[in-house]
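Okay, so the sequence shown: first residue is 1192 according to our numbering, each after it adds one. The beta-carbon is built from N, C-alpha and C at its ideal position, and this holds for glycine as well. Accompanying notes for the structure given below.
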Amino acid sequence: MKDRLHDTLSTLMTIPGLSGHEDRVRRHIRARLEELGIASRSDRLGNLIATLEGEPEAPTVMLFTHMDQLGFVVRKIEPDGLVRVERVGGVPERALASQAVLLCVGEGRDVPGVIANKSHHATTADEKYTVVPYAELHIDTGLASAAEVAAAGIAVGTPVVYLPRVLELAGDRIAGTSVDDRAGCAVLLELAGQLKEQERRPTVHLVFTVQEEFNLRGALPAAQTLQPDIAIQVDLVLATDTPDMRARGDVELGGGPAISLYSFHGRGTLNGVIPHPAMVRLFEEAARAESLPLQRSAHIGALTDLSYVQLAGEGAASIDVGFPIRYSHSSLEVCDLNDLEGLTRLIAAAVARIDRNFSLDRDDGAA
Ligand SMILES: [Zn+2]
1192 MKDRLHDTLS
1202 TLMTIPGLSG
1212 HEDRVRRHIR
1222 ARLEELGIAS
1232 RSDRLGNLIA
1242 TLEGEPEAPT
1252 VMLFTHMDQL
1262 GFVVRKIEPD
1272 GLVRVERVGG
1282 VPERALASQA
1292 VLLCVGEGRD
1302 VPGVIANKSH
1312 HATTADEKYT
1322 VVPYAELHID
1332 TGLASAAEVA
1342 AAGIAVGTPV
1352 VYLPRVLELA
1362 GDRIAGTSVD
1372 DRAGCAVLLE
1382 LAGQLKEQER
1392 RPTVHLVFTV
1402 QEEFNLRGAL
1412 PAAQTLQPDI
1422 AIQVDLVLAT
1432 DTPDMRARGD
1442 VELGGGPAIS
1452 LYSFHGRGTL
1462 NGVIPHPAMV
1472 RLFEEAARAE
1482 SLPLQRSAHI
1492 GALTDLSYVQ
1502 LAGEGAASID
1512 VGFPIRYSHS
1522 SLEVCDLNDL
1532 EGLTRLIAAA
1542 VARIDRNFSL
1552 DRDDGAA
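Pasting the structure below:
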């Protein structure tokens, strides 16, 4: 399973799919589902939905993960051909200068570029320790005039992402672009094959969602249509085992899958997820039964679109489950394949335990 996860993830990491422009990723995932004999459909926003019918009396499950990635769109093309961009999603501005990027004009026609970094020899003492805001940066594609840029297919609104790449690190660790959340997509594809063969299980809607990095609400139309009883989001959990993160928690890269017990984002968003107690119990029991480690995360600052999905219909019993990640939203995010394998096993085991007797009553077994 680990080799398959490795191959699926590596392929997915190299397919560009900025928020709102996920089409190439969706086409790939749809084809992979077809290979498994699983039909899928997409809604008008671009969410890809595959329903695996199961036990009719059991609660229905929406198991989802996002296909999109953060990046930029072209904002202005200077007369000399340099390109200015607007940001899409939570872009780490202090880690942008001298990054390689890809301007996505169409498969086979994409244009590479570099985010300029002022020549070091001309950098003043003050500038050395100052972050240049993204709005002041420019992208150099080598194209020498606005006309050349236009002829290459680049226009205001063209999506720009970190140049897709995969680095194999020691110890089953993978570094590269959009591990957030192609690792989730790889896990969901692996689960698709497994759940299809599982004899007893509830109806599961696998949903590969759009625009998570943009506004955290792309999954909403899918949730409103499906009205699931249970919503499980697969995404990253922040690893806290580097010196800069240690005070934030106890999540280790390679330490196994994790559940989130609390997430919140204040600045303008005012949302988060406090998981349903039955879902916490479900994952704890599944981890015990499978002899899998289960890490726990509680964080302010990082959200998923589960925050909105949980509010659809009568409300869905919700939980965020995930894989530890280091250096989130940078061009070289790091995850561990063993965590992805553990996460796949954990979710398969948890879903298998959801039957007609699985209670979502808040008063059952309440603390
Ligand atoms: Zn994510």
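Practice task
Using 7 Å as the cut-off, classify the Cβ of Leu1427 as near or not near the heavy atoms of ligand 1, replying yes or no.
Solution key: Look at Leu1427: its beta carbon is less than 7 Å from one of the heavy atoms in ligand 1.
Problem - Rounded C-alpha distance that separates His1219 from Ile1240 - result: So the two alpha carbons sit approximately 14 Å from each other.
Practice task
Quick one: grab the DSSP three-state call for Val1323.
Solution key: Here Val1323 sits in coil by DSSP.
Problem - Inter-stretch contact (C-beta, 8 Å, three-pair minimum) for the stretch 1235–1252 and the stretch 1412–1423 - result: These segments touch.
Problem - Three-state class that DSSP yields for Leu1382 in the structure shown - result: In the structure shown, Leu1382 sits in a helix (DSSP, three-state: H, G or I).
Exercise for the section: Below 8 Å CB to CB, which residues in the same chain sit around Arg1439 once its five sequence neighbours on both sides are set aside? Expected result: Excluding five sequence positions before and after Arg1439, the CB atoms of its chain that fall closer than 8 Å to its own CB belong to Leu1429, Thr1431, His1490, given in chain order.
Exercise for the section: Have a look at Thr1315 and Asn1308 and give me their C-alpha separation to the nearest angstrom. Expected result: Linking Thr1315 to Asn1308 through their CA atoms gives a straight-line distance of about 13 Å.
Problem - Beta-carbon separation (whole angstroms), Ser1336 vs Val1279, contact threshold 8 Å - result: Not a contact, Cβ separation roughly 26 Å.
Exercise for the section: State the Cα-Cα distance for the pair Asp1426 and Ala1374, rounded to the nearest angstrom. Expected result: Approximately 8 Å between the Cα atoms of the pair.
Handout entry: Nearest candidate by alpha-carbon position, reference Val1282, set His1311, Val1322, Cys1295
Key = For Val1282, the closest of His1311, Val1322, Cys1295 by C-alpha to C-alpha distance is Val1322.
Problem - Residue(s) in a DSSP beta bridge with Asp1496 - result: BP columns for Asp1496 are empty, so no partner.
Practice task
Flag this pair as yes or no: are the beta carbons of Pro1303 and Ala1286 separated by less than 8 Å?
Solution key: At the C-beta level, Pro1303 and Ala1286 stay beyond 8 Å of one another.
Practice task
Output the residue ranges of the alpha helix (DSSP H) runs that lie fully inside the stretch 1406–1478 and measure 4 residues or longer, sorted by chain position.
Solution key: Whole alpha helix (DSSP H) segments, 4+ residues: 1411–1417.
Problem - heavy atom of ligand 1 below 7 Å from His1456 C-beta - result: Not so, every heavy atom of ligand 1 lies at least 7 Å from the Cβ.
Problem - Touching by the beta-carbon criterion (3+ pairs, under 8 Å), the stretch 1327–1347 and the stretch 1382–1389 - result: In this structure the stretch 1327–1347 does not lie against the stretch 1382–1389, because fewer than three pairs of beta carbons, one per stretch, are closer than 8 Å.
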